[in-house]
Structure formats: C-alpha cells, structure tokens
Ligand SMILES: C[S@@+](CC[C@H](N)C(=O)[O-])C[C@H]1O[C@@H](n2cnc3c(N)ncnc32)[C@H](O)[C@@H]1O
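Numbering (my numbering), first residue to last: 1 to 354.
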C-alpha cells in the first residue's frame with residue numbers, strides 16, 4: 001500500500017472503496033497522493049487510466065505510476081483517445097465549473113452501459129450542486145457518503161444519445177483591443193480570463209509601448225494574451241509561453257497560431273521547473289488566489305529566481321493586485337524595482353538585471 005498521505009477526498013473514496021470495484025477505472029483531476037496505488041494494491045480495480053491537466057500533479061505522480069503496469073497517466077486537457085469503454089469513472093471536483101462541465105461531457109460517452117461515475121469533492125467547494133448537473137446526464141444520481149468535509153455522489157444509467165465528444169466545440173474566441181492592436185484570443189473552459197481579457201493583464205499591456213528585441217518568457221501564459229500582444233509589434237522575437245495548466249497551454253498555442261506568430265514554444269512547467277535558457281524579458285500576470293497560500297508561494301519563488309534567467313540588462317515586468325507585496329521580494333532579488341503604473345486596483349512593476 002502506498003504510504004503517501006491521502007487528501008480528504010481520497011480518504012472518502014478509500015472508505016467506500018468496496019463500492020468502487022470495477023475492471024477499468026478512469027480517474028480524472030485527482031490530487032497528487034497515493035489513492036490510485038491503494039486501489040490497485042487492494043484489488044479494488046484491475047487498471048486505472050488517469051487524466052490530469054495540472055502539470056504539478058503529473059510531475060509528482062507520474063514516476064510512481066510508471067512503476068505499475070496497471071496504471072497509466074495522461075497530462076492534457078482531455079483524453080487523447082476519447083474512445084473505449086470504462087466501467088467506472090472517478091472525478092475529483094475542480095474549482096473551475098466550466099472545466100467540470102467539459103470533463104463530464106468527455107466522460108459521458110465513455111462509460112459502459114452499466115458503468116458508474118463517482119464525483120468527490122469538498123463541501124466548501126460546492127460538491128452538492130453537481131447532483132443537478134449529473135442528473136442532466138444520468139437517470140440514477142445519489143448522495144453516497146459525506147465525511148471529512150467532503151461529499152461523494154454516484155451516478156449511473158447514462159441517458160442515451162450522448163454526443164461524441166470533441167474539444168473543438170468548447171473553444172471560445174474573443175478580440176483583444178489594446179494600444180490600437182486588435183488580436184484574436186482562443187481559450188478553452190477554465191482557462192484564466194476565459195472569453196475576456198483580465199483587467200490586470202490590460203493594465204500590464206498598456207505599459208508595453210515598446211517591446212524589446214530578444215527572447216521573451218511569458219510565465220503563467222493562460223490563453224496567450226501577453227505574447228500575442230507583444231508579437232504584434234515584435235514578430236521577430238522568440239516567445240516561450242509556460243503554464244502549469246494543460247488547457248492554458250492548448251489555448252496559448254491556438255492563440256499564437258490564430259495570430260500567425262511564427263517563432264514560439266509552449267511548455268508545461270511548475271514554476272520555472274522546466275524553463276531552460278535565458279531571456280531578454282520575463283513578463284507575467286502571475287498566479288495568485290486570495291487566501292490560498294500555495295499560490296503566493298509559486299509567485300514568490302518565481303520572483304526570487306527570475307534574475308538568474310535574464311541576460312544582463314534584461315527586464316522583469318509583472319502586474320499584481322495592489323494588496324500583494326511583491327516589491328520587497330523583487331527589490332531583494334534585483335537590487336531595483338520600479339512602479340510603472342497603479343491603475344484599477346493593479347500595479348505594474350519593472351526590474352532590470354544589472
Ligand atoms: C493570473 S493568470 C494569467 C494568465 C495570462 N497570462 C493572462 O494574463 O491572461 C496566471 C496563470 O498562471 C498559471 N499558473 C498557476 N500556477 C502555476 C505554476 N505553478 N507554474 C506555472 N504557471 C502557473 C495559471 O494556470 C494561470 O494561467
């Protein structure tokens with residue numbers, strides 16, 4: 001049995017594990033804990049195919065799963081092959097409702113006729129409200145268990161006529177209009193600022209009246225808004241767009257292609273873990289979530305490391321909510337930090353690598 005600490009949702013699953021017995025289990029959006037290994041070791045399921053859109057989860061559990069022939073794992077927005085048949089699907093509630101809807105649509109046609117889908121998540125994140133959504137797709141939906149501040153819902157008897165799943169149906173396209181530039185942005189459900197440009201990002205772009213020549217790193221690229229904007233005035237640059245989220249990476253790739261940017265690369269990373277090389281400019285509207293500590297940690301770590309990834313004379317430019325205190329960290333790492341603008345609740349900071 002894996003001795004990795006289990007999250008509360010995984011503990012709830014494990015205490016109901018005998019109910020989950022099946023041959024082929026599809027596991028979607030799971031935390032980076034040892035639940036899958038436990039289910040295999042206890043012979044609850046014969047094999048598990050996992051899908052995560054979170055590169056930090058993927059990079060944590062991938063090597064463990066590779067040690068087992070019964071476990072296979074994909075990093076991506078949706079399953080590469082949306083075909084086949086699973087007799088069970090276990091879905092972990094995501095914060096993003098559009099992403100949940102997207103994944104429920106993906107799973108619906110993949111369950112066998114007698115298959116069951118299990119949905120588990122924290123009470124505080126609204127697990128109960130998903131009963132209604134499941135009822136749109138399944139005839140039999142039950143609240144199965146509630147413990148450790150989490151709920152477990154099961155649903156079976158899939159309604160007939162589920163259409164073949166295709167990611168193409170879920171793209172949203174919107175226009176970006178800043179500093180006389182008109183760009184088209186493509187984004188998938190759950191990606192930051194899906195369908196519109198974020199206010200903070202807009203404030204950041206308005207400070208970019210001159211885009212430097214040289215390689216650019218767009219950290220936490222989301223739908224690729226920042227790089228698409230920069231490439232419109234500096235098309236010769238190489239743009240490296242990185243994000244932890246697979247849907248963000250697909251969106252960024254689509255946005256760059258849509259705007260005919262020739263020289264770019266999109267890359268999955270957790271912080272700067274997979275970023276190689278040095279840059280003339282590192283630009284970001286970095287991740288944060290009010291009250292969630294880990295998100296501050298990612299950005300603080302990123303700010304401390306960026307100076308080492310810039311050429312001499314290279315620039316870090318970020319936008320952040322006024323209440324975030326990044327100035328000191330930047331000052332400490334670079335020995336300088338300038339406030340370019342404060343507007344609409346956001347501040348844009350600039351630092352130069354000496
Ligand atoms: C505030 S959004 C900005 C998105 C986009 N640049 C824009 O301005 O619209 C921050 C982005 O950081 C990404 N992110 C969160 N944690 C990350 C991590 N550990 N490593 C890399 N990117 C991360 C999120 O997925 C999200 O796309």
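Just so you know, even glycine gets a beta-carbon here, dropped at the ideal spot from N, CA and C.
Residue i classed as buried or exposed, judged by whether at least 16 other C-beta atoms fall within 10 angstroms
{"i": "residue 163", "result": "exposed"}
{"i": "residue 213", "result": "exposed"}
{"i": "residue 277", "result": "exposed"}
{"i": "residue 285", "result": "buried"}
{"i": "residue 291", "result": "Unreliable placement is indicated for residue 291, whose pLDDT of 47 sits below 50; the coordinate value is still reported in the next sentence. Residue 291 comes out exposed."}
{"i": "residue 345", "result": "exposed"}
{"i": "residue 323", "result": "exposed"}
{"i": "residue 15", "result": "exposed"}
{"i": "residue 353", "result": "buried"}
{"i": "residue 33", "result": "buried"}
{"i": "residue 421", "result": "Because the chain spans 1 through 354 in this model, residue 421 falls outside it and cannot be assessed."}
{"i": "residue 293", "result": "In this prediction, residue 293 scores a pLDDT of 47, lower than 50, which makes its location untrustworthy; the coordinate-derived value is nonetheless stated afterwards. It counts as exposed."}
{"i": "residue 364", "result": "Residue 364 is absent from the model: the chain starts at 1 and stops at 354."}
{"i": "residue 182", "result": "exposed"}
{"i": "residue 320", "result": "buried"}
{"i": "residue 313", "result": "exposed"}
{"i": "residue 218", "result": "buried"}
{"i": "residue 81", "result": "exposed"}
{"i": "residue 265", "result": "exposed"}
{"i": "residue 237", "result": "buried"}
First and last residue of the uninterrupted alpha helix (DSSP H) at residue i
{"i": "residue 218", "result": "Taken as a continuous stretch (DSSP letters only), residue 218 belongs to no alpha helix (DSSP H), being part of the beta strand (DSSP E) at 216–219."}
{"i": "residue 61", "result": "55–66"}
{"i": "residue 162", "result": "Careful: residue 162 lies outside any alpha helix (DSSP H) and carries neither H nor E."}
{"i": "residue 35", "result": "35–41"}
{"i": "residue 231", "result": "225–233"}
{"i": "residue 105", "result": "97–107"}
{"i": "residue 333", "result": "327–334"}
{"i": "residue 135", "result": "130–135"}
{"i": "residue 10", "result": "8–15"}
First and last residue of the uninterrupted beta strand (DSSP E) at residue i
{"i": "residue 279", "result": "279–284"}
{"i": "residue 348", "result": "346–352"}
{"i": "residue 181", "result": "181–187"}
{"i": "residue 240", "result": "239–243"}
{"i": "residue 259", "result": "First-last for residue 259: undefined, no H or E at that position."}
{"i": "residue 342", "result": "338–343"}
{"i": "residue 24", "result": "22–28"}
{"i": "residue 176", "result": "172–178"}
{"i": "residue 206", "result": "Taken as a continuous stretch (DSSP letters only), residue 206 belongs to no beta strand (DSSP E), being part of the alpha helix (DSSP H) at 199–206."}
{"i": "residue 264", "result": "264–268"}
Test item: CB-CB of residue i and residue j under 9 Å
{"i": "residue 174", "j": "residue 185", "result": "yes"}
{"i": "residue 269", "j": "residue 261", "result": "no"}
{"i": "residue 78", "j": "residue 27", "result": "no"}
{"i": "residue 101", "j": "residue 189", "result": "yes"}
{"i": "residue 338", "j": "residue 350", "result": "yes"}
{"i": "residue 223", "j": "residue 259", "result": "no"}
{"i": "residue 113", "j": "residue 140", "result": "no"}
{"i": "residue 309", "j": "residue 279", "result": "yes"}
{"i": "residue 167", "j": "residue 233", "result": "no"}
{"i": "residue 201", "j": "residue 225", "result": "yes"}
{"i": "residue 150", "j": "residue 31", "result": "no"}
{"i": "residue 87", "j": "residue 118", "result": "no"}
{"i": "residue 68", "j": "residue 40", "result": "yes"}
{"i": "residue 306", "j": "residue 282", "result": "yes"}
{"i": "residue 246", "j": "residue 53", "result": "yes"}
{"i": "residue 91", "j": "residue 71", "result": "no"}
{"i": "residue 348", "j": "residue 197", "result": "no"}
{"i": "residue 45", "j": "residue 20", "result": "yes"}
{"i": "residue 148", "j": "residue 35", "result": "no"}
{"i": "residue 38", "j": "residue 63", "result": "no"}
{"i": "residue 241", "j": "residue 221", "result": "yes"}
{"i": "residue 187", "j": "residue 116", "result": "no"}
{"i": "residue 43", "j": "residue 25", "result": "no"}
{"i": "residue 142", "j": "residue 159", "result": "no"}
{"i": "residue 76", "j": "residue 110", "result": "no"}
Residues bridged to residue i (per DSSP)
{"i": "residue 356", "result": "Because the chain spans 1 through 354 in this model, residue 356 falls outside it and cannot be assessed."}
{"i": "residue 142", "result": "154"}
{"i": "residue 52", "result": "75"}
{"i": "residue 317", "result": "283, 350"}
{"i": "residue 89", "result": "26, 117"}
{"i": "residue 111", "result": "86"}
{"i": "residue 310", "result": "279"}
{"i": "residue 356", "result": "Missing from the structure shown is residue 356; the chain here goes from 1 to 354 and no further."}
Proximity test, Cβ basis, 9 Å: residue i and chain D
{"i": "residue 20", "result": "Checking the listed chains, one finds no chain D in this structure; it contains a single protein chain."}
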